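Worksheet: one structure, shown below.
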Amino acid sequence: MIRSVRVILCGVLLTSCALAQTTLNGAGATFPYPIYSKWFSEYHNQHSDVQVNYQSIGSGGGIRQVQAGTVDFGATDGPMSDEQIAASKVKVLHVPTVLGAVVPAYNIPGVTQEVKFTPEILAGIFMGKISNWSDPAIAKVNPDIKFPNQNITVVHRSDGSGTTYIFTDYLSKVSADWQGTTGKGTSVKWPVGVGGKGNEGVAGMIRQLPGSIGYIELIYALQNKINYGSVKNSSGQFIKASLDSTTAAAAGVKMPADFRVSITNPPGKTAYPIASFTWLLIPTNPTDKTKGKMVKDLVLWALDNGEGMASGLSYAPLPKEVVDKAKAAINQQVK
Amino acid sequence: MSDSVDPMNSPDPVEQTQNPRIAIPALAQAVSERKTGGASSVLQRIRHTQPRSSRLPDATFRMLILLTAVSVFAIVVFVVWELVDKSRLSLHQFGMGFFFGHNWDPVNGDFGAMPFIYGTLVSSFLALLLAVPLSIGVAVYVTEMCPIRLRAIISFLVELLAAIPSVIYGLWAIFVLAPLLRDYLEPFLAKTLGWTGLFTGPMYGLGMLAAGIILAIMIVPIIASITREVLTAVPQNQREAVLALGATRWEMIRMGVLRNARIGIVGGVILGLGRALGETMAVTMVIGNRPEIAKSLFAPGYTMASVIANEFSEATGDLYLSALVEIGLALFLVTLVVNALARLLVWSITGGTAGRARA
Numbered sequence: 001m002i003r004s005v006r007v008i009l010c011g012v013l014l015t016s017c018a019l020a021q022t023t024l025n026g027a028g029a030t031f032p033y034p035i036y037s038k039w040f041s042e043y044h045n046q047h048s049d050v051q052v053n054y055q056s057i058g059s060g061g062g063i064r065q066v067q068a069g070t071v072d073f074g075a076t077d078g079p080m081s082d083e084q085i086a087a088s089k090v091k092v093l094h095v096p097t098v099l100g101a102v103v104p105a106y107n108i109p110g111v112t113q114e115v116k117f118t119p120e121i122l123a124g125i126f127m128g129k130i131s132n133w134s135d136p137a138i139a140k141v142n143p144d145i146k147f148p149n150q151n152i153t154v155v156h157r158s159d160g161s162g163t164t165y166i167f168t169d170y171l172s173k174v175s176a177d178w179q180g181t182t183g184k185g186t187s188v189k190w191p192v193g194v195g196g197k198g199n200e201g202v203a204g205m206i207r208q209l210p211g212s213i214g215y216i217e218l219i220y221a222l223q224n225k226i227n228y229g230s231v232k233n234s235s236g237q238f239i240k241a242s243l244d245s246t247t248a249a250a251a252g253v254k255m256p257a258d259f260r261v262s263i264t265n266p267p268g269k270t271a272y273p274i275a276s277f278t279w280l281l282i283p284t285n286p287t288d289k290t291k292g293k294m295v296k297d298l299v300l301w302a303l304d305n306g307e308g309m310a311s312g313l314s315y316a317p318l319p320k321e322v323v324d325k326a327k328a329a330i331n332q333q334v335k
Numbered sequence: 336m337s338d339s340v341d342p343m344n345s346p347d348p349v350e351q352t353q354n355p356r357i358a359i360p361a362l363a364q365a366v367s368e369r370k371t372g373g374a375s376s377v378l379q380r381i382r383h384t385q386p387r388s389s390r391l392p393d394a395t396f397r398m399l400i401l402l403t404a405v406s407v408f409a410i411v412v413f414v415v416w417e418l419v420d421k422s423r424l425s426l427h428q429f430g431m432g433f434f435f436g437h438n439w440d441p442v443n444g445d446f447g448a449m450p451f452i453y454g455t456l457v458s459s460f461l462a463l464l465l466a467v468p469l470s471i472g473v474a475v476y477v478t479e480m481c482p483i484r485l486r487a488i489i490s491f492l493v494e495l496l497a498a499i500p501s502v503i504y505g506l507w508a509i510f511v512l513a514p515l516l517r518d519y520l521e522p523f524l525a526k527t528l529g530w531t532g533l534f535t536g537p538m539y540g541l542g543m544l545a546a547g548i549i550l551a552i553m554i555v556p557i558i559a560s561i562t563r564e565v566l567t568a569v570p571q572n573q574r575e576a577v578l579a580l581g582a583t584r585w586e587m588i589r590m591g592v593l594r595n596a597r598i599g600i601v602g603g604v605i606l607g608l609g610r611a612l613g614e615t616m617a618v619t620m621v622i623g624n625r626p627e628i629a630k631s632l633f634a635p636g637y638t639m640a641s642v643i644a645n646e647f648s649e650a651t652g653d654l655y656l657s658a659l660v661e662i663g664l665a666l667f668l669v670t671l672v673v674n675a676l677a678r679l680l681v682w683s684i685t686g687g688t689a690g691r692a693r694a
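Chains as they are written, first to last, in the working numbering: chain A, 1 to 335; chain B, 336 to 694.
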């Protein structure tokens, strides 16, 4: 009796070994979470032996976890700083996956048209130097719109976020004043305004506060049908953010070997200026070689097959040349 | 069974060394021997101190209770130790100045906790100011004046308020409370009480006032239900005695009921204050999240719990993280001080005695 039980147990054990799944653990950015979960579940459908567990704990957490070696890969919306790379024992490769854009959304009583913004206007508003919608600087680039005499309320993110990083990175590039007083980061010391939690918090406050302006992710604006303005790019064109104009922003920049590049305010006539990559952080010399190989296969698969799924979820896919360059770098650098 | 090894024919090392049919009962016997051995040694230790019948249960019970009491102590010590340890970098960098600093600039690595401490205290006390009279009113009505059938309904509704998740309160505050404040209450306050300086400036609807009001709504159920229980526990003959002396109903409630129940009520208020100090989600959705000390209650503010919740997940850099943990330490210390002050208040009310109508 016991013998037969043991035989069955052994059988079950062996069968389950044959079907054993390896779980890859990843953690990091919240922004690409929807597309990553789609990729990882699709990958699992095709490769039943690999299960990917991705936790969207935020970019800061993603960087910390990958540095500590507690996850097999990380993800971040802002590239690691030179100091972070120097301090990290785990060497990582930044692999760009998709692109995001940040748009200015507003609530101006009586204005239904699309408002045009120049870098000077955006910096002026977010520094508190332009404090009324009837300011002549705004009227000058929007001659067709009649602005009310209404105070501007700035709404920004209160939670640390990659969206804030992209927006302040842009302001730092276009305004020396901003660069000198506030700078860029996932959280900054805002000169003016009130903070809302998450895209939904900012969007909710904009809806509630007449005369307000804030910045939200393009995806959030598209999915919730929120009106937003166009922004003047470095070629002097007013571009409204879209998936195409976001991808165009990535096409114009010179890509460095480690992929840590900011693509805000890029060259290119059709490029939308407030855009950024989001990255996966892949350890180049993983301690667990088997898992390392699996991560490598997964990322290569995502770059080949995943980009096509991006626009369905309102993410801007990478330009072809960036995909090729990223694949070459993975094959070369990840052991 | 797709694998190449066939389990039926594979050699089994266990089978060769011993027969499991013998091995397992032997093991069970050994285990049972060890068990009784352990129990009897415990018995021996306490045999000469207590009558036989209650020795083991009493000792076990005493150990268990002691363990629970010690564990609370251990948890507190562990939390403090961890907070101090993880905020060492920031403690070293800013010293005591951290608690009084007004600047919070993650980009340049300059951190100070004062605006957050201020925001936490002001929003919580504002909440108490609004919630305490309301909750005591509800409790007095329910216990003293209310028809029985209505009593059940009101009690149920008050307890229902306690069960609503704070994120729902936050959403409700953004979409319902804030517009009401902006369009009606704030203009009214600015017109009538603007001279105090507490109600001036631009009216967003969001800010310290909104945070205080939403916190008040959230702590009313706690204070009201505890007060109700305490009032119910006041003996009926107290009421009758006061009435017999010719008191009006108000005098009866004031002298016969509230006076007897005051310690319990203060206890309820302290619990409510605890919740207000630590509340994160609803507050962060409406307070405006601006680390600034402004006299006007219309202005946005920030609380300690909110800044930790907001910035922890994306905080990069060791000093930044360390400063956030130190905010946690500050919150712990503020809670400690506020609770200690509340205890002192209770002692001063009761003149150092425990009071009689606590139950």
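Note that beta-carbon positions come from the ideal geometry of N, C-alpha and C, so glycine has one too.
In this text, all values refer to a predicted model and were calculated from it rather than measured experimentally.
Excluding the five sequence neighbours on either side, which residues of its own chain have a C-beta within less than 7 Å of the C-beta of residue i, listed in chain order?
i: asparagine 142 of chain A; result: Val115, Lys116
i: leucine 313 of chain A; result: Pro34, Ile35, Lys38
i: glutamine 179 of chain A; result: Ser172
i: arginine 678 of chain B; result: none
i: leucine 14 of chain A; result: With a pLDDT of 48 at leucine 14 of chain A, under the threshold of 50, the modelled position of this residue cannot be trusted; read the value that follows with caution. Counting only Cβ-Cβ distances below 7 Å, and skipping sequence neighbours, we find nothing.
i: glutamine 84 of chain A; result: Ile63
i: phenylalanine 413 of chain B; result: none
From residue i to residue j, what distance separates their C-alpha atoms?
i: threonine 76 of chain A; j: valine 473 of chain B; result: 51 Å
i: asparagine 645 of chain B; j: glycine 160 of chain A; result: 6 Å
i: alanine 498 of chain B; j: valine 604 of chain B; result: 18 Å
i: valine 103 of chain A; j: alanine 329 of chain A; result: 31 Å
i: methionine 616 of chain B; j: asparagine 199 of chain A; result: 15 Å
i: tyrosine 215 of chain A; j: methionine 205 of chain A; result: 11 Å
i: lysine 327 of chain A; j: leucine 300 of chain A; result: 6 Å
i: lysine 421 of chain B; j: leucine 465 of chain B; result: 37 Å
i: alanine 316 of chain A; j: threonine 247 of chain A; result: 6 Å
i: threonine 623 of chain B; j: methionine 587 of chain B; result: According to the sequence displayed, residue 623 of chain B carries glycine and not threonine. Using only the alpha carbons, I get a separation of about 45 Å.
i: phenylalanine 167 of chain A; j: phenylalanine 277 of chain A; result: 13 Å
i: proline 441 of chain B; j: aspartate 653 of chain B; result: 11 Å
Within a Cβ cutoff of 6 Å, which residues of the same chain sit near residue i, ignoring the five residues on either side of it in sequence?
i: serine 175 of chain A; result: Ala123
i: proline 286 of chain A; result: Gly292
i: leucine 461 of chain B; result: Gly547
i: alanine 658 of chain B; result: Ser425, Phe446
i: lysine 335 of chain A; result: Asn285
i: tyrosine 106 of chain A; result: Ile213
List, in chain order, every chain A residue whose beta-carbon is nearer than 8 Å to that of residue i.
i: tyrosine 539 of chain B; result: Thr153, Val194, Leu209
What residues in its chain sit with their C-beta under 8 Å from that of residue i, if we drop five residues either side in the sequence?
i: isoleucine 152 of chain A; result: Ile125, Ile130, Ser131, Asn132, Trp133, Gly211, Ser212, Ile213
i: leucine 515 of chain B; result: Gly540
i: alanine 309 of chain A; result: Checking the displayed sequence, the identity of residue 309 of chain A turns out to be methionine instead of alanine. So the list reads Ile35, Lys38, Trp39, Glu42, once near-sequence residues are dropped.
i: methionine 449 of chain B; result: Phe434, Phe435, Gly436, His437, Ile628
Kindly indicate the opening and closing residues of the alpha helix (DSSP H) around residue i.
i: histidine 47 of chain A; result: Looking at the DSSP string, histidine 47 of chain A is not in any alpha helix (DSSP H), and its letter there is neither H nor E.
i: phenylalanine 667 of chain B; result: 653 to 685
i: glycine 613 of chain B; result: 594 to 613
i: proline 143 of chain A; result: Premise fails: proline 143 of chain A is in no alpha helix (DSSP H) and is neither H nor E.
i: tyrosine 165 of chain A; result: 162 to 174
i: proline 119 of chain A; result: 119 to 127
i: lysine 240 of chain A; result: Unbroken run through lysine 240 of chain A: none, as it is neither H nor E.
Residue i versus chain B: which residues are under 9 Å apart at the beta carbon?
i: isoleucine 63 of chain A; result: Thr651
i: glycine 58 of chain A; result: Phe647, Ser648, Glu649, Ala650
i: lysine 197 of chain A; result: Gly505, Met616, Thr619, Met620, Asn624, Ser641, Ala644, Asn645
By the criterion of Cβ-Cβ separation under 8 Å, what are the contact partners of residue i in chain B?
i: methionine 205 of chain A; result: Ile509, Leu541
i: aspartate 159 of chain A; result: Ala644, Asn645, Glu646, Ser648, Glu649
Residue i lies in the beta strand (DSSP E); which residues open and close that run?
i: isoleucine 213 of chain A; result: 212 to 217
i: histidine 427 of chain B; result: Segment 423 to 429 is the alpha helix (DSSP H) holding histidine 427 of chain B; no beta strand (DSSP E) there.
i: glycine 198 of chain A; result: Taken as a continuous stretch (DSSP letters only), glycine 198 of chain A belongs to no beta strand (DSSP E), being part of the alpha helix (DSSP H) at 198 to 208.
i: valine 577 of chain B; result: Run containing valine 577 of chain B: none in the beta strand (DSSP E); it sits in the alpha helix (DSSP H), 571 to 579.
i: tryptophan 279 of chain A; result: 275 to 283
i: lysine 630 of chain B; result: Per DSSP, lysine 630 of chain B belongs to no beta strand (DSSP E) and is neither H nor E.
So residue i contacts chain B; which residues on that side make the cut at Cβ distance below 7 Å?
i: glycine 201 of chain A; result: Met620
With 8 Å as the threshold, decide whether the Cβ of residue i is near any Cβ in chain C.
i: alanine 203 of chain A; result: Absent from the structure is chain C; the protein chains it does hold are A and B.
Inset, instruction - Could you list the residues in the segment 506 to 529 of chain B with a C-beta less than 9 Å from some C-beta on chain A, going in chain order? - result: Leu506, Ile509, Phe510, Ala513, Pro514, Arg517
Legend entry - Against chain A: residues of the segment 440 to 454 of chain B by CB proximity under 9 Å: Asp440, Pro441, Val442, Asn443, Asp445
Legend entry - Residues of the segment 79 to 92 of chain A whose Cβ lies closer than 9 Å to any Cβ of chain B, in chain order: Met80, Ser81, Glu83, Gln84, Ala87
Inset, instruction - Can you give me, in chain order, the residues of the segment 171 to 188 of chain A that have a beta carbon less than 8 Å from any beta carbon in chain B? - result: Thr182, Gly183, Lys184, Gly185, Thr186, Ser187, Val188
Inset, instruction - With 9 Å as the limit, tell me which residues of the segment 607 to 641 of chain B have their beta carbon closer than that to any beta carbon of chain A; keep them in chain order. - result: Met616, Thr619, Met620, Ile622, Gly623, Asn624, Arg625, Pro626, Pro635, Tyr637, Ser641
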